[in-house]
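What the sequence shown shows, in full-length UniProt numbering, is residues 1 to 187, in sequence order. Ideal Cβ positions, reconstructed from N, Cα and C, are used throughout, including at glycine.
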Amino acid sequence: MTAAATRTVARISGLGKQFGDRIVLDGVELDIHHGEIVALVGRSGSGKSTLLRVLAGLSDEHCGTVEVDDRFALAFQESRLVPWLSVVRNVALGLPDPRQRRHGAHRARAVLDEVGLGRCADVWPLTLSGGEAQRAALARALIAEPALLLLDEPFGALDALTRIAMQDLLLRLFDEHGFGGSSQMRV
Ligand SMILES: Nc1ncnc2c1ncn2[C@@H]1O[C@H](COP(=O)(O)OP(=O)(O)OP(=O)(O)O)[C@@H](O)[C@H]1O
Ligand SMILES: [Mg+2]
């Protein structure tokens, strides 16, 4: 095992989160290392999305320690593309720096090619099928070459065959990119 394979990209210790009286997360311990695929499995309402939101810094007021590699990207259950921007400009939004975003079309087209959507670069998001929209959202998450890719059931709304194709695509991209790179941690 290499040093890169053991680098920690997320470290959660003693995490607790409640909404009013409802305790959703209680004493969660989780380390995620570079190169690992971690699946959160639980009943509806058990707190999976809440945990991802905490990891992505979208949820305040929790207890415990949460350290996350700065270079993370998040894809949601719905594609959440901006309807008034072309697909390629939506993908460029995944770049962290606004100047990079303005000049990021070339890179965005390359990532769209990778997810098999090169021909849709210049169309409006509303003209995409559900699976195409999810691939565009995946491209937006991948464009910054994240160290940690957080996926909240992004293929849940797709039919079974499309979902299998998307899972295969994701595994291929994971093999190619490893979603690795940085050890910056945000606390
Ligand atoms: N902003 C919020 N305010 C109040 N309660 C919330 C809020 N967000 C989530 N909850 C509650 O926290 C619990 C966990 O929700 P969460 O969305 O994390 O579940 P989940 O495991 O992702 O479920 P699913 O599999 O259905 O997506 C639910 O009971 C939900 O109603
Ligand atoms: Mg959820």
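*Would you kindly report the start and end of the unbroken alpha helix (DSSP H) that includes F174?*
160–177
*Kindly indicate which three-state DSSP category V24 falls into: helix, strand or coil?*
strand
*Could you have a look at H106 and say whether DSSP puts it in helix, strand or coil?*
helix
*Rank A39, M166, H62, L93 by C-alpha distance to the C-alpha of G116 and give the top, closest one.*
M166
*Kindly examine ligand 3 and report whether one of its heavy atoms sits closer than 8 Å to the Cβ of S49.*
Annotation note on ligand 3: not contained in the displayed structure, which lists ligand 1 and ligand 2 as its ligands.
_A75 - partner residues in DSSP beta bridges_ = L151
*So, helix, strand or coil for G131, using DSSP?*
helix
*Pairing CB atoms from the segment 124–140 with CB atoms from the segment 72–91, are three or more of them under 8 Å?*
yes
*Is the beta carbon of F155 within less than 8 Å of some heavy atom of ligand 1?*
no
_Sub-9 Å separation of L74 and A136 beta-carbons_ = no
*Please classify L30: does DSSP put it in a helix, a strand, or coil?*
strand
*Would I143 pass as a contact of A108 if the rule is Cβ separation under 9 Å?*
yes
*Heavy atom of ligand 1 less than 8 Å from the Cβ of V24, yes or no?*
yes
*Q77: beta carbon under 8 Å from a heavy atom of ligand 2?*
yes
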